[in-house]
Each structure stands twice: as structure tokens, then as C-alpha cells.
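Residue numbers (the working numbering): -4 to 331.
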């Protein structure tokens, strides 16, 4: 692989831009981790985001680096990567995140980044620049992640309902208010572990292309790992309040027991995906789990119109961010 001549100034700007995206990822997706625990009244918003941010960072000690490897080496051909491609990918993802945040749409930051990489790479070198294996795995989990979240969320809800059938509603509510602290922490752990690695993969890709890291390196530098986990944790700390209401109450009304089941189902899905090295959407996962919990009680408990609008946002995320990234790649060629 030919080493690119990238100035320290340009490299620093791109790494900063990547960390801005990582911060926005935490900001945008904070609702995924805290919406249920806030909407059920178990924690106040400030306490919930502090807990979520803490466990986002703690994931550095728990989750491996397989997702970073998929992003850094398994999405687009390393030979087409240059500073213009990275610039286009990051701008495409950031712009789409801002649009969906403004309108309160819980879209996927992860797939916005994948779409950005695809759009910028295709703009430069055509479809031959794409690595089909990694993309097929990612696109497949656009469907699999919410389905798995749905199945696990509804299954856990049914098991809990069976176990607690003889308990009073007051006793169930008391117990699951405590248990929801555990489930929310677990979900935040999975969120940080999967999402921080996506930005990690981008910076790793850039450092390999510029010759600052060997192409056969098994992991990115430690400073990249710490910076990415730190950025997403700070983003979560500031929170994306516009999306909390959609995730916590508009899809279905949740009680502590339902919040526990949705978060637990989502956490299991995220940790499994991180173990397999699949960059899944935390947004898709928790939405599927919430819908699963609601539908396990009765189908009419789910506001299918709201859920349908969210699904349309999922469908458009990759092509929309790819389109913006292609334009950003062209602009980058003229200004960098």
C-alpha cells in the first residue's frame, strides 16, 4: 500500500473531525441508553446521562477491538483511502446526524458513517473500491439487529411476566426500578463498546494510509482508543434530549419492568455484535427491543406509525449520508 503524503496539519484536522463525529455519536445516541430509564422515572435525566457516560468509557476494559478492525480494514479498499475520502466520509456522517438530531429522528450514527465511507470511496474510485464482505455483514445487521432486539425484548418480557405472575404490581415496580439501573448500565456498556470503535476504525485507517501506523498492525495506538472512548462519553454526557421523548414514550408507554426488558435485550444484542466484530446500530437495536416489549403485551400498545417513520429514516440513512459524503469529497478536493 502506497503511503500518502499528508501534512501534520491536515492529519490533525481530520483526527479532530473524527473525534467531533464521535462526540456527536454519543450526543445523538445518548437517548438510546437513557430514554427508557428516564421515561419510566427511575432516574432523573442528569443522573442517567452521567451513568451512561461512565459505562460508555468503562467499555474500554471489557469489549475487544473487532468492530474497529471491520471499519478500519473491512469496508473499503485501503488503497483508495486518502484524506479526501476520510474528509468526505466524516462530513457526510456529521451532516446527516445534525439533520436527524434537529428533527428528533433516532437514526443510526453508525450507518451514517458507513454511508459516508461508501459515498466518498465510490466518488473517488467507483464501486470497485468497496469490500463486499464487510458491507454485506453490516447491511445484513440493519435487519438482524432490530429483529434480534425485538425477539430478545419480547422474550424477556414474557419470561418476566410468567415469573412475576403472582406478585403485586407495586412489588414488581419496586424490584424493576432497581433492576433497571443494572440493565441501563449494561446497555451503555454495549453502546460505548460498539460505537466508539467505529471512529477508532476511521482514525486507524487514516494513520495506516499516512504511514504513521504499520498496515499489519493488530490494533490502533492506545491514544486513539482512549480518545475515542473519551469523546463518545463526553457526547453522551451532554445528551440528545430531542430524541429521548421519541425513544422513551412515543413508540410505546414503558414501565420499569418494560424498560428493564428492552434494555437487557438491547444490551445482549450489542455485546454479541461487538464480540462478532459487527458494527451494528444501537438505535436500531433499542428501537426493536422497545417495540418487542410493547407488542408482547398487545399489538395496539405500539404506535406503529411512529415506528414506521423511524424505519424509513433507517432506510434512507446510508444513501443520504453517502450522497452528502460524495459532495463533501468533491469539495475537499478543492479546499484541502
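We put the beta carbon where it would ideally sit given N, CA and C, even for glycine. Bear in mind the structure is a predicted one, so any value in this text is a computation, not a measurement.
Note down the Cα distance separating residue i from residue j, rounded to an integer number of angstroms.
| i | j | result |
| --- | --- | --- |
| residue 127 | residue 42 | 42 Å |
| residue 75 | residue 142 | 34 Å |
| residue 157 | residue 268 | 28 Å |
| residue 77 | residue 278 | 29 Å |
| residue 149 | residue 253 | 9 Å |
| residue 244 | residue 220 | Bear in mind that a pLDDT of 48 at residue 244, under 50, signals an unreliable position, so the model cannot answer this. |
| residue 84 | residue 113 | 8 Å |
| residue 259 | residue 198 | 31 Å |
| residue 184 | residue 120 | 37 Å |
| residue 330 | residue 181 | 43 Å |
| residue 179 | residue 50 | 9 Å |
| residue 246 | residue 31 | Summary for residue 246: the model assigns pLDDT 47, below 50, so the residue's position carries little reliability; its value from the coordinates is reported in the next sentence. Roughly 11 Å separates the two Cα atoms. |
| residue 271 | residue 69 | 13 Å |
| residue 256 | residue 23 | 23 Å |
| residue 168 | residue 47 | 22 Å |
| residue 1 | residue 217 | 22 Å |
| residue 57 | residue 189 | 11 Å |
| residue 89 | residue 20 | 9 Å |
| residue 13 | residue 82 | 9 Å |
| residue 319 | residue 52 | 30 Å |
| residue 92 | residue 307 | 15 Å |
| residue 79 | residue 139 | 32 Å |
| residue 170 | residue 187 | 26 Å |
| residue 107 | residue 274 | 12 Å |
| residue 40 | residue 123 | 46 Å |
| residue 207 | residue 291 | 52 Å |
| residue 147 | residue 6 | 42 Å |
Give me whichever residues DSSP pairs with residue i in a beta bridge.
| i | result |
| --- | --- |
| residue 125 | 71 |
CB residue i to CB residue j, shorter than 8 Å?
| i | j | result |
| --- | --- | --- |
| residue 309 | residue 162 | no |
| residue 317 | residue 87 | yes |
| residue 152 | residue 286 | no |
| residue 134 | residue 321 | no |
| residue 228 | residue 105 | no |
| residue 231 | residue 16 | no |
| residue 55 | residue 224 | yes |
| residue 264 | residue 282 | no |
| residue 60 | residue 212 | no |
| residue 37 | residue 172 | yes |
| residue 63 | residue 196 | yes |
| residue 222 | residue 73 | no |
| residue 99 | residue 312 | no |
| residue 35 | residue 250 | yes |
For the alpha helix (DSSP H) holding residue i, just list the boundary residues, first then last.
| i | result |
| --- | --- |
| residue 260 | 251 to 271 |
Could you pull out every unbroken alpha helix (DSSP H) segment of at least 4 residues lying fully inside the stretch 44 to 121, listed in chain order?
Restricting attention to alpha helix (DSSP H) runs no shorter than 4 residues, the stretch 44 to 121 encloses them at 61 to 68, 78 to 97 and 104 to 120, ordered along the chain.
Which runs of the alpha helix (DSSP H) fall wholly inside the stretch 135 to 220 and span at least 4 residues, in chain order?
Runs of the alpha helix (DSSP H) lying entirely within the stretch 135 to 220, each at least 4 residues long, are 164 to 204 in chain order.
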